[in-house]
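Worksheet for the structure shown next.
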Amino acid sequence: MPELPEVETIARGLETRVAGDTVESVWIGSRPQPLKSPASAIAATLEGKRIARVHRAGKHIVFDLEAQPNQGGRLARRQPRPAASLPTAQWIVHLGMTGRMVVCEPAAEIAKHTHLIAKLASGRELRFIDPRMFGKLSVHSGGFDPGGVEPLEVSEERFVALFRGRKTPIKSALLNQKLLRGVGNIYADEALFRAGIRPRRRAAAITREQLRKLHRAVREVLREAIALGGSSISDYVDADGEEGFFQLQHRVYGREAEPCLVCGTAIRRVVLAGRSSHYCPKCQK
DNA sequence: ATACCGACCTGTCAGC
DNA sequence: TGCTGACAGGTCGGTA
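Under my numbering, the first residue of the first sequence is numbered 12, with each subsequent residue one higher.
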């Protein structure tokens, strides 16, 4: 489901709502698919830890966890952080296609496909729900390295260098998380439209000037999407249960056979690397 | 290195 | 009403 703007929106919401809280206990369902780390390791890593910060890396939600200097969540939560660094860990959540993270009261009905519930010292619960189970949960004691570079931070030169000389279609390269992390099917299509490049163009065949344009287009489309809370296609909601609004700004994604907003030509849909790809045959070369 | 395909899962919707 | 197939924001591993 979620690409960079949706994950960013969710991570910000979680940062606001659960940072500073402490995980008291963890329940994990019996479906092993979403677990990249053993359930016992996830529970042991989370329990008793303070959530210092929630942020995003590519399409991953990263919870920075801190060991508590003393027992008991509620009291410890108010303690100032000691200067000496305590052992830290990270809880990594990848939402896959249909994953959701919600913060709710314990009395709230447990949704179907709930795979993890973390009880917090504040009395609320943090729940991971994922019908298709393409999501992944893992814990790391060292640093977590998602690979690739952040599209919103990468310099123009670095961006151009990522794609120059590659024989793969530019869209496949945009979706490759080892190069650029966070761009998915919607934003790849939207960025390519704005840059005037067809999805199947070989990266190596794109001029430096066009790659610069693509760099700007990727950043622009991601920023605009974050500002609107992401794209809600069928079931995406943020940590507060709110839908995003960027789907109303899509210029090609999901608009097969509809007129191009620039030239009126019918938007085309082709399958590339197993994914639907949308483009305007006139505006994109 | 690259590219295509199926696999992993469940849910929804269109068409018959 | 119900069946079937296509499709869905993502990634991985196998095979040419």
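C-beta: ideal position from N, C-alpha, C; glycine also.
Closest to residue i by C-alpha separation, out of the options, would be which residue?
i	options	result
A52	R64, I103, E220	I103
A30	F256, L76, R67	L76
A268	R219, R42, A277	A277
P292	V150, R211, L185	R211
A199	V273, S287, L272, R219	S287
L283	K60, T33, P180, V18	P180
S133	I62, R234, L186, Q295	I62
V18	A236, L191, S41, T99	A236
P16	S41, E26, G69	G69
R2	E26, S41, T99, P43	Residue numbering for the chain in the displayed model covers 12 to 296; residue 2 lies beyond these limits and cannot be assessed.
A78	S243, S152, L186	S152
For residue i, collect the residues of the same chain with a Cβ closer than 6 Å to its Cβ; drop the 5 residues on either side in sequence, then sort them by chain order.
i	result
A122	I140
R143	M108, T109
F204	R262, V263
V37	A54, L57, E58, A129
F145	G107, M108
L186	A199
Report the CB separation of residue i from residue j in whole angstroms; it is logged as a contact under 8 Å.
i	j	result
H71	P157	5 Å
R177	A238	Between A238 and R177 the Cβ distance is about 31 Å, and since that is not below 8 Å, they are no contact.
A4	V114	Outside the displayed span of the chain (12 to 296) sits residue 4, for which this structure offers no information.
I39	L127	5 Å
Give the range of the beta strand (DSSP E) segment to which residue i is assigned.
i	result
L106	Taken as a continuous stretch (DSSP letters only), L106 belongs to no beta strand (DSSP E), as it is neither H nor E.
A68	61-68
L283	279-283
L76	71-77
R23	Careful: R23 lies outside any beta strand (DSSP E), inside the alpha helix (DSSP H) at 15-29.
Need the endpoints of the alpha helix (DSSP H) that residue i sits in, please.
i	result
L127	Not the alpha helix (DSSP H): L127 falls in the beta strand (DSSP E), residues 125-131.
I53	50-57
H226	219-238
Within its chain, find whatever has a CB closer than 7 Å to the CB of residue i; leave out the 5 residues flanking it on each side and keep chain order.
i	result
R23	none
A206	Q221, K224, L225, A228
E14	K70, G193, V194, G195, I197, Y198
G83	Residue placement at G83 is flagged as unreliable, the pLDDT there being 47, under the threshold of 50; the coordinate-derived value follows with that caveat. Here the set comprises nothing.
Quick one: residues in its chain with C-beta nearer than 8 Å to the C-beta of residue i, no 5 flanking neighbours on either side, listed in chain order?
i	result
K189	G158, G159
C294	F204, G207, C271, V273, C274, T276
G252	V113
task: Report yes or no: do three or more beta-carbon pairs, one from the segment 33-48 and one from the segment 217-226, lie closer than 8 Å?
output: no
message: Check whether the segment 110-122 and the segment 169-176 touch, using three or more Cβ-Cβ pairs below 8 Å as the test.
response: no
- request: Examine the Cβ distances between the segment 132-139 and the segment 158-171 and report whether three or more of them are shorter than 8 Å.
  value: no
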